[in-house]
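In the working numbering, the protein residues as written are 30 to 826.
Before any comments, here is the structure.
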Ligand code: MCN
């Protein structure tokens, strides 16, 4: 069954409403917030990866003219009601790290906050940092996963027996039997490099604590204003009704700004201490060490298969290279890598494990895609290896194992996949690649002595995160429903209020499209308000996990439908007609099929509901025009896609050039195809960065070496190919409107498709790439390592 919405604004390529003001410099970001008497803060950060703090002397800093307050870790601990919270707690016996916004007796990564100063301006605050004396007893650093797991490894937390924070295995079926009976078993160890989202706008907060009302007002660059408010309340011991969180424009979030950071707490405490508003903005260098890092994992994966390519079993272990303390999302992203390791494949016997290991690196948190790019790398790499082993085409192995359309809803290892036609998606991708002549381009290139290859990957994406109760039972310490409010005002304009955050993904336009189509009004008569916990509804989770379009859109569709019914009842009263005979077109209500006949405008409806009620509002109808709806879906929704890449390899330099890039994609009912395309392009660009360029590197001593964009290489326009997207639609029938999310889609399958294309371009070498990013030196090394094996294969008669 598929849900069909009538043609209209939903599905139209309308331009984004949010762009004109952003593109003309009218955006207002946190750093633009200026309050009377505001102070600026700066943070002293640890230069050591692992050290005991033996003394902190702030007396000279406090004496500096212009300094208003200095806080140390002990002071922060003493005034906080709880340590920094961890909201994803899927593994019940996980060892928690319980850290405060400032380090108390030990530092566990370079960049960990040790003290904070509020001063008349940032210059004085930074000068004061130089006057703080911290005595450290430097300890041996645990820099890598192997360091952390070594028998005699120094302990980050001395009351733990080792550096393992958690371990969990989730089985399905009987993996041992599947492996025992297999015709073929293939295994691989994969390394995914440490990476992070790098939004244009770094994080920041302006906090103002009113000493008379004991109320805290904050402006923050966050994706999750409601969650932030709740967590601020928890840490500060303040009832949430006394906290207001506002998000001005957010200059990119990419997941980093989902997490809740100590800096928000510090700015609030400094404001309480000084009685003045306090601004704390991180600079780019701080961003590289104090923002949540992500991606880094070692994954051991094996599959058991029959000789015809049918996969009967999967075993995998995800080693999460966590940092020196748990971030807000805890083991969440790495747990998800384990939970979706079978990807789109109908594998009946699974044994997947996640092991969370602490190291002296920055904390591990959210980044677009969460655990999914790593899980994808695991299942797609092992599919390719299995295909090689069996002498089959990788897409034939995929096709043999993809969950068939009639198997939905499909119970995977952990989740229920709601809907899909995976085989059609793969077919469409192969067809599109054939139509575009990629194979000929590869062959022609080979004749010219160039190395060009084609790679594919298939991804799934969990979206529409809910339902709240099941998520709570799985360990999420927060809800995940969405509430939307829609109002028609007294002059007929429509206002949507959402708790979702806009961080560049186009949610205002998408919500406006849903409301405008449902209410039958022009798009520009809808205004979407977001980013204020006091005036906007509650969204349990915030913006993350690609839930905005599906949950916000679904809730708004239902609320707008009820509001439309009320509009029709009022119009019927005025027109002396039956509501069932009426239609709304372009904000005008008339009897269907009577062009030029009597009609009522939305302005008159507004007038009837707010001002001149006596003549126009039907008896029994309440004044005002407002509806709200809460969507807490019965299940998540899985979107999916096939990525195809045409890549050229320079055998001399190891440089990979992406010649063409195609994604066949399904996210249920598409609200705005232009935005969806843009989301795929942006996500794929980040995926390409992760596949070829971006890596956070630490020295053997634990010093971060990549703290500027000269070292941490994000791709620029010249590295990015032209993208092409092909849409297909299987709707999520448990979501009103059939929407599924897709904001992370492009990131998930990129590395798998690119590595597959690189291997395909070098058929003589029989490469097996297992480490990301595939930088030129790494590729050259892999080619050198593969060459002797390849030449000995050639020599064998
Ligand atoms: N959309 C649509 N029809 C659908 C699904 C989505 O038209 N069926 C469009 C909508 O305009 C919607 C956008 O695509 O606003 C993304 O939708 P959705 O998948 O629901 O994602 P969210 O709105 O929840 O956004 C979050 C998601 C995530 S988790 C990250 S991280 C992310 C992202 O989106 N960070 C971004 N996209 C980003 N885009 C920008 N420019 N900047 C970021 O920081």
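We put the beta carbon where it would ideally sit given N, CA and C, even for glycine.
Cut-off 6 angstroms between Cβ atoms - residues of its own chain near residue i, not counting five sequence neighbours on either side
| i | result |
| --- | --- |
| residue 149 | 95 |
| residue 254 | 274, 276, 562 |
| residue 767 | 32, 697, 698, 760, 761 |
| residue 394 | 288, 321, 356, 358 |
| residue 692 | 670, 672, 709, 754 |
| residue 284 | 226, 395, 396, 397 |
| residue 310 | 60, 233 |
| residue 584 | 511, 513, 658, 660 |
DSSP beta-bridge partners of residue i
| i | result |
| --- | --- |
| residue 689 | 675 |
| residue 144 | 73, 101 |
| residue 517 | 523 |
| residue 666 | 492 |
| residue 335 | Partner(s): none; residue 335 has no beta bridge. |
| residue 308 | 69, 235 |
| residue 381 | 199, 345 |
| residue 167 | 80 |
| residue 249 | 234 |
| residue 224 | 323 |
| residue 374 | 431 |
Residue i in three-state terms, based on DSSP
| i | result |
| --- | --- |
| residue 195 | strand |
| residue 728 | coil |
| residue 488 | strand |
| residue 327 | strand |
| residue 749 | coil |
| residue 30 | With a pLDDT of 49 at residue 30, under the threshold of 50, the modelled position of that residue is not reliable, and no figure is offered here. |
| residue 108 | helix |
| residue 505 | strand |
| residue 766 | helix |
| residue 537 | helix |
| residue 80 | strand |
| residue 243 | coil |
| residue 137 | coil |
| residue 658 | strand |
| residue 612 | strand |
| residue 620 | strand |
| residue 756 | strand |
| residue 187 | coil |
| residue 89 | helix |
| residue 704 | helix |
| residue 806 | helix |
Residue i versus residue j - alpha carbon distance
| i | j | result |
| --- | --- | --- |
| residue 264 | residue 271 | 14 angstroms |
| residue 772 | residue 734 | 30 angstroms |
| residue 349 | residue 363 | 6 angstroms |
| residue 192 | residue 92 | 41 angstroms |
| residue 217 | residue 333 | 12 angstroms |
| residue 75 | residue 319 | 11 angstroms |
| residue 666 | residue 577 | 12 angstroms |
| residue 496 | residue 199 | 20 angstroms |
| residue 121 | residue 503 | 9 angstroms |
| residue 296 | residue 267 | 15 angstroms |
| residue 249 | residue 300 | 14 angstroms |
| residue 569 | residue 791 | 49 angstroms |
| residue 30 | residue 482 | Here the model assigns residue 30 a pLDDT of 49, short of 50, so the residue's position is not dependable, and the following value carries that caveat. Near 39 angstroms, if we compare the C-alpha coordinates of residue 482 and residue 30. |
| residue 182 | residue 387 | 11 angstroms |
| residue 705 | residue 694 | 10 angstroms |
| residue 330 | residue 220 | 11 angstroms |
| residue 534 | residue 160 | 43 angstroms |
| residue 282 | residue 71 | 22 angstroms |
Residues of its chain near residue i, where Cβ-Cβ distance is below 8 angstroms and the 5 sequence neighbours each way are ignored
| i | result |
| --- | --- |
| residue 23 | In the structure as shown, the chain begins at 30 and stops at 826. Residue 23 is therefore absent and cannot be evaluated. |
| residue 303 | 68, 97, 98, 147 |
| residue 627 | 604, 619, 620 |
| residue 796 | 787, 788, 811, 812, 815 |
Close-in-space but distant-in-sequence residues of the same chain around residue i (CB under 7 angstroms, 5 per side omitted)
| i | result |
| --- | --- |
| residue 723 | 224, 741, 742, 743, 802 |
| residue 793 | 819 |
For the segment 386-473, list the beta strand (DSSP E) runs that are entirely contained and at least 3 residues long, ordered along the chain.
none
Could you give the uninterrupted runs of the beta strand (DSSP E) lying entirely in the segment 626-652, keeping only those of 3 residues or more?
628-630
Only counting runs of 4 or more residues, tell me where the alpha helix (DSSP H) segments fall wholly within the segment 252-284, in order along the chain.
254-265
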